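Novice: Just dropping this structure here.
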Amino acid sequence: MSPRRALVIVDVQKDFVDGSLGTARGAEVAAAISSFLSSDANKYAHIVGTLDWHVDPAGHFVAAGEQPDYSETWPVHCVAGTEGATTYPALDTSAIEAWFRKGEFTPAYSGFEGHLAPAFAEADWLKVERKTIGLEQWLQDRKISHVDVVGIATDFCVKATALDSQSAGFHTTVIEQLCAPVSDEGAQEAFAELRAAGVLIS
Ligand code: VGL
Numbered sequence: 003m004s005p006r007r008a009l010v011i012v013d014v015q016k017d018f019v020d021g022s023l024g025t026a027r028g029a030e031v032a033a034a035i036s037s038f039l040s041s042d043a044n045k046y047a048h049i050v051g052t053l054d055w056h057v058d059p060a061g062h063f064v065a066a067g068e069q070p071d072y073s074e075t076w077p078v079h080c081v082a083g084t085e086g087a088t089t090y091p092a093l094d095t096s097a098i099e100a101w102f103r104k105g106e107f108t109p110a111y112s113g114f115e116g117h118l119a120p121a122f123a124e125a126d127w128l129k130v131e132r133k134t135i136g137l138e139q140w141l142q143d144r145k146i147s148h149v150d151v152v153g154i155a156t157d158f159c160v161k162a163t164a165l166d167s168q169s170a171g172f173h174t175t176v177i178e179q180l181c182a183p184v185s186d187e188g189a190q191e192a193f194a195e196l197r198a199a200g201v202l203i204s
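The structure is reproduced here in structure tokens:
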């Protein structure tokens with residue numbers, strides 16, 4: 003069977019570009035993903051996005067008066083329903099077919115912890131708990147064999163998403179030029195870990 007490829011675009015949200023957790027290359031990467039989509043979208047059977055979407059994410063946000071460690075505790079970011087959680091305007095979202103939200107009530111770095119964003123009103127979403135389908139099942143239902151991962155941040159959510167993708171059995175590639183890291187050092191460590199797990203870096 004010929005490969006069926008999906009593109010997973012991770013967390014290209016305002017807070018991760020120029021908001022409370024901005025990344026040096028976030029804006030450039032958002033634009034680069036858009037131009038990649040204009041030339042290469044037809045390579046993919048499906049294109050989806052993930053969103054960090056926090057309501058009350060248990061210890062993920064730094065406590066009042068303390069400093070974030072930028073590893074487990076972070077400045078407040080991507081609060082559900084706020085401007086900072088929306089996609090960065092330079093990202094062309096027109097080819098993105100479905101959105102998977104993660105992190106409502108726990109820290110969640112991997113898009114595979116996400117669930118399909120419901121089509122009903124925002125206020126209702128906060129009252130229902132994750133009754134929608136997860137990313138792995140969604141991709142399996144569509145007979146996807148190969149997953150490419152791009153987005154923000156290389157060393158956190160891109161890494162976690164690609165590792166979960168590979169261990170769910172999808173042949174997984176991270177496209178380095180379409181990812182922005184929190185730190186360059188972190189990105190190098192992430193690539194080593196990803197390669198060791200069998201993920202391709204292109
Ligand atoms: C992320 C830090 C905290 C990410 C999310 O999207 O990579 N990084 N929360």
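Counting from 1 along the sequence shown, just add 2 to a position and that's the residue number in the numbering used here. Note that the Cβ used here is the ideal one computed from N, Cα and C, for glycine as well. Quantities reported herein were computed from a predicted structural model and do not represent experimental measurements.
1. Identify, in the order they occur along the chain, each residue of the same chain with its Cβ nearer than 7 angstroms to the Cβ of Thr-134, setting aside the five sequence neighbours on each side.
2. Which same chain residues end up closer than 6 angstroms to Leu-9 when comparing Cβ atoms and leaving out the 5 residues on each side of it in sequence?
3. In the DSSP assignment, find the alpha helix (DSSP H) that holds Gln-69 and state where it starts and stops.
4. Give the straight-line distance between the Cα atoms of Thr-175 and Thr-89, rounded to the nearest whole angstrom.
5. Give every residue of the same chain whose Cβ lies closer than 7 angstroms to the Cβ of Pro-5, excluding the five residues on either side of it in the sequence, and list them in chain order.
6. Count the other C-beta atoms from every protein chain shown that fall within 10 angstroms of the C-beta of Thr-156, then say buried if there are 16 or more, exposed otherwise.
7. Kindly indicate which three-state DSSP category Glu-30 falls into: helix, strand or coil?
8. Is Cys-181 near the ligand NAD, judged by its Cβ being under 7 angstroms from some heavy atom?
9. Can Leu-23 be considered in contact with the ligand VGL, in the sense that its beta carbon sits closer than 7 angstroms to one or more heavy atoms?
10. Ala-87 and Asp-17 - do their beta-carbons sit closer together than 8 angstroms?
11. Any heavy atom of the ligand VGL closer than 7 angstroms to the CB of Asp-186?
12. What span of residues does the beta strand (DSSP E) with Gly-51 cover, start to end?
13. Within 7 angstroms: the Cβ of Trp-76 and any heavy atom of the ligand VGL?
14. Rounded to the nearest angstrom, what separates Pro-70 and Leu-202 at their Cα positions?
15. Leaving out five residues before and five after Ile-98 in sequence, what residues of the same chain have Cβ atoms less than 8 angstroms from its Cβ?
Specialist: According to the structure shown:
1. Answer for Thr-134: His-117, Leu-118 and Pro-120, listed in chain order.
2. Only residues of its own chain outside the window of five on either side were considered, and among them Tyr-46, Ile-49 and Asp-150 have a CB closer than 6 angstroms to the CB of Leu-9, listed in chain order.
3. No alpha helix (DSSP H) contains Gln-69, which DSSP labels as neither H nor E.
4. Going by C-alpha positions, Thr-175 is about 23 angstroms away from Thr-89.
5. A distance below 7 angstroms between beta-carbons, with the five flanking residues on each side excluded, links Pro-5 to the following residues of its chain, in chain order: Ser-147 and His-148.
6. With 16 or more other Cβ atoms within 10 Å, it is buried.
7. Helix at Glu-30.
8. Judged by which ligands are present, the ligand NAD is missing from the structure shown, whose ligands are the ligand VGL.
9. Leu-23: yes, Cβ under 7 angstroms from the ligand VGL.
10. At the C-beta level, Asp-17 and Ala-87 come within 8 angstroms of one another.
11. Result no, Cβ not under 7 angstroms from the ligand VGL.
12. Element bounds for Gly-51: 48-54.
13. Distance from the C-beta of Trp-76 to the nearest heavy atom of the ligand VGL is below 7 angstroms.
14. Straight-line spacing of the CA atoms in Pro-70 and Leu-202 works out to 32 angstroms.
15. Ile-11, Ile-49, Val-50 and Gly-51.
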